[in-house]
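Everything below concerns the one structure shown next.
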Amino acid sequence: MLTLKLLREQPDFVIERLAVKNFDASQIVKDILEADSLRRASQTKLDSTLAEQNQKAKEIGMLMKQGNKEEAENVKKLVAQLKEQSKELEAQMEEHNKAMNDLLVLLPNIPCAQVPAGKTAEDNVVVREGGCKTTLPANAKPHWELAKSLDIIDFDLGVKLTGAGFPVYKDKGAKIQRALISFFLDRNTRAGYMEVQPPLVVNEASAYATGQLPDKEGQMYHVGLDNFYMIPTAEVPVTNIYRDCIVNKADFPIKMTAYTQCFRREAGSYGKDVRGLNRLHQFDKVEIVQLSLPENSYEALDGMVKHVESIIQELELPYRILRLCGGDMSFTSALTYDFEVYSEAQQRWLEVSSVSNFESFQANRLKLRYKDDEGKTQLAHTLNGSSLALPRILAALLENHQDEQGRIHIPAALREYTGFEWID
RNA sequence: GGAGAGGUGGCAGAGUGGUCGAUUGCGGCGGUCUUGAAAACCGUUGAUCUGAGAGGAUCCGGGGGUUCGAAUCCCUCCCUCUCCGCCA
Numbered sequence: 195m196l197t198l199k200l201l202r203e204q205p206d207f208v209i210e211r212l213a214v215k216n217f218d219a220s221q222i223v224k225d226i227l228e229a230d231s232l233r234r235a236s237q238t239k240l241d242s243t244l245a246e247q248n249q250k251a252k253e254i255g256m257l258m259k260q261g262n263k264e265e266a267e268n269v270k271k272l273v274a275q276l277k278e279q280s281k282e283l284e285a286q287m288e289e290h291n292k293a294m295n296d297l298l299v300l301l302p303n304i305p306c307a308q309v310p311a312g313k314t315a316e317d318n319v320v321v322r323e324g325g326c327k328t329t330l331p332a333n334a335k336p337h338w339e340l341a342k343s344l345d346i347i348d349f350d351l352g353v354k355l356t357g358a359g360f361p362v363y364k365d366k367g368a369k370i371q372r373a374l375i376s377f378f379l380d381r382n383t384r385a386g387y388m389e390v391q392p393p394l395v396v397n398e399a400s401a402y403a404t405g406q407l408p409d410k411e412g413q414m415y416h417v418g419l420d421n422f423y424m425i426p427t428a429e430v431p432v433t434n435i436y437r438d439c440i441v442n443k444a445d446f447p448i449k450m451t452a453y454t455q456c457f458r459r460e461a462g463s464y465g466k467d468v469r470g471l472n473r474l475h476q477f478d479k480v481e482i483v484q485l486s487l488p489e490n491s492y493e494a495l496d497g498m499v500k501h502v503e504s505i506i507q508e509l510e511l512p513y514r515i516l517r518l519c520g521g522d523m524s525f526t527s528a529l530t531y532d533f534e535v536y537s538e539a540q541q542r543w544l545e546v547s548s549v550s551n552f553e554s555f556q557a558n559r560l561k562l563r564y565k566d567d568e569g570k571t572q573l574a575h576t577l578n579g580s581s582l583a584l585p586r587i588l589a590a591l592l593e594n595h596q597d598e599q600g601r602i603h604i605p606a607a608l609r610e611y612t613g614f615e616w617i618d
């Protein structure tokens, strides 16, 4: 959520920047400012009415003590009138307040200056490419075929147990999952991220604070009996650790990493883009989260990008880093870098990580703040990224490290975790 | 699942109808002392909204009610803890 302060002080700037996200904010901004001034006007009136009530109440107390009952009764009548007025004013104020908030949540985060204009994924800017170019055998297969022939991931069995999008990992398939999780967590903690193990279901307040509610309700699994939501990403519980907190300035940056399973309903998805491991209802991901002072958040973002890059390099995968254009960015992000790994077998780039700076957009809803040097409360910045998501990394490993016999060669960095060099 | 207790400022913990936004302790910050630190002592220290400011308003789990006046009384919902039961 954008801050009201920004909208009040620089409405034209907000409109101009949101245009980069192809969002026409002019009407909404105008309506918000109007609701805001109505709200303030009614609050001022309400406050002075209440102040008068408070004063009269004290007066009555004094009169009662002095035994001046008659006068006290007169004042009581006055207060009764004021009370009616204030009830009306309060209702007015709440109405304007609600109108304002309803509009406020419609505005996406403003993209930072580095965000390129553009409408679709085509307009994203390639920052750099790297990693090991692989030359695949002529008979290279997509990962779902490899997984089947090696019998390490059983999609059909998952359908039997649960449904599509819930694969069963078997044998070395299960082992490599565990290896990847440990490998990622170790790399992250080595880079200064504290490992946390949060709950996999959260309450409404948490889902609201990171922005999954109210608008993305249909994308989460909901445990109706207890009104819990299954987390779509570790970002939700981990970022919420600092909900409603005023953090000591000296404690920044706060760096956390968490492995969790993630649950996404992915309603409406279909087709070849979702084949195999490309899109699942339940998947494993290791997330990194940073809470930062505003002045340091872009430096922190660069650090996260370099960190994720180093892990992909260790996995010997061909990759590229994209700076997302305005049209392809998420609602909440101010700047996003996507990592993609090339799948020769599928002839396309697969997104394996997305690293974003949300500036104060998330912190505003979270009420995550710190005291600046003047003792004023300020919103912190939040950032997060996958480091990394398992299914697509596994898909990329299978496809890029296959040989002509359909065996998979495990990259050196992973072998101490897997305990084997080949999946065959 | 059954029974009971309770939700107050960063934490602990008083407060049961009016001068309570709230005693006190710890922690934090500033100072005195010290070569420096500790200890001791002194001072200071909640958030949000509103206002140019002085100030004003709101907040004692959430919502509603009683009252001229509620942290305090009533209703309701939520949550936490303890004991019993069940159990990885």
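Those letters in the first sequence? Residues 195 to 618, by this note's numbering. All C-beta atoms in this analysis are idealised placements derived from N, C-alpha and C, irrespective of residue type, glycine included.
Out of the options, which has the shortest C-alpha to C-alpha gap to residue i?
i: residue 529; options: 538, 518, 536; result: 518
i: residue 487; options: 580, 526, 554; result: 554
i: residue 328; options: 276, 306, 511, 490; result: 511
i: residue 479; options: 490, 341, 585, 521; result: 585
i: residue 220; options: 270, 297, 277, 292; result: 297
i: residue 559; options: 493, 509, 374, 295; result: 295
i: residue 316; options: 206, 520, 451; result: 520
i: residue 246; options: 276, 235, 583, 206; result: 276
i: residue 570; options: 473, 460, 443, 602; result: 443
i: residue 353; options: 545, 474, 290; result: 474
i: residue 251; options: 272, 609, 241; result: 272
i: residue 375; options: 581, 547, 618, 591; result: 581
i: residue 208; options: 235, 302, 402; result: 302
i: residue 603; options: 523, 509, 257, 537; result: 509
i: residue 539; options: 583, 336, 313, 210; result: 336
Please report the distance separating the alpha-carbon of residue i from that of residue j.
i: residue 418; j: residue 356; result: 18 Å
i: residue 430; j: residue 400; result: 7 Å
i: residue 612; j: residue 300; result: 46 Å
i: residue 195; j: residue 227; result: 15 Å
i: residue 433; j: residue 514; result: 27 Å
i: residue 565; j: residue 439; result: 11 Å
i: residue 380; j: residue 458; result: 26 Å
i: residue 456; j: residue 370; result: 18 Å
i: residue 290; j: residue 284; result: 10 Å
i: residue 607; j: residue 200; result: 47 Å
i: residue 362; j: residue 497; result: 35 Å
i: residue 640; j: residue 617; result: The chain is shown only over 195 to 618; residue 640 falls outside these bounds and no answer can be derived.
i: residue 282; j: residue 408; result: 29 Å
i: residue 323; j: residue 499; result: 13 Å
i: residue 575; j: residue 197; result: 13 Å
i: residue 202; j: residue 420; result: 40 Å
i: residue 267; j: residue 287; result: 30 Å
i: residue 236; j: residue 425; result: 40 Å
Looking at the unbroken alpha helix (DSSP H) that takes in residue i, where does it start and where does it end?
i: residue 492; result: 491-508
i: residue 294; result: 263-298
i: residue 402; result: 398-403
i: residue 556; result: 555-560
i: residue 230; result: 220-260
i: residue 430; result: 429-434
Based on the DSSP output, what are the partners of residue i in its beta bridges?
i: residue 414; result: Its beta-bridge partners do not exist; DSSP assigns none.
i: residue 485; result: 448, 576
i: residue 596; result: 602
i: residue 347; result: 363
i: residue 480; result: 453
i: residue 395; result: 424
i: residue 338; result: According to DSSP, residue 338 bridges with nothing at all.
i: residue 617; result: 602
i: residue 583; result: 479
Which whole-angstrom value is the C-beta distance of residue i and residue j, which I expect to be below 8 Å?
i: residue 331; j: residue 598; result: 4 Å
i: residue 320; j: residue 516; result: 6 Å
i: residue 436; j: residue 395; result: Their Cβ separation, rounded to whole angstroms, is 19 Å, which puts residue 436 and residue 395 out of contact at 8 Å.
i: residue 150; j: residue 562; result: The requested residue 150 does not occur in the structure, where the chain is confined to residues 195 to 618.
i: residue 163; j: residue 578; result: Outside the displayed span of the chain (195 to 618) sits residue 163, for which this structure offers no information.
i: residue 305; j: residue 215; result: 6 Å
i: residue 392; j: residue 461; result: Actually they do not touch by this definition, with Cβ atoms about 25 Å apart.
i: residue 314; j: residue 532; result: Actually they do not touch by this definition, with Cβ atoms about 13 Å apart.
i: residue 537; j: residue 589; result: 7 Å
Starting from residue i, trace the beta strand (DSSP E) both ways and give me its first and last residue.
i: residue 532; result: 529-537
i: residue 459; result: Neither: residue 459 is in no beta strand (DSSP E) and is coded neither H nor E.
i: residue 388; result: 388-390
i: residue 442; result: Looking at the DSSP string, residue 442 is not in any beta strand (DSSP E), and its letter there is neither H nor E.
i: residue 542; result: 542-551
i: residue 568; result: Unbroken run through residue 568: none, as it is neither H nor E.
i: residue 324; result: 319-324
i: residue 515; result: 513-517
i: residue 207; result: Looking at the DSSP string, residue 207 is not in any beta strand (DSSP E); the run it does join, the alpha helix (DSSP H), is 205-214.
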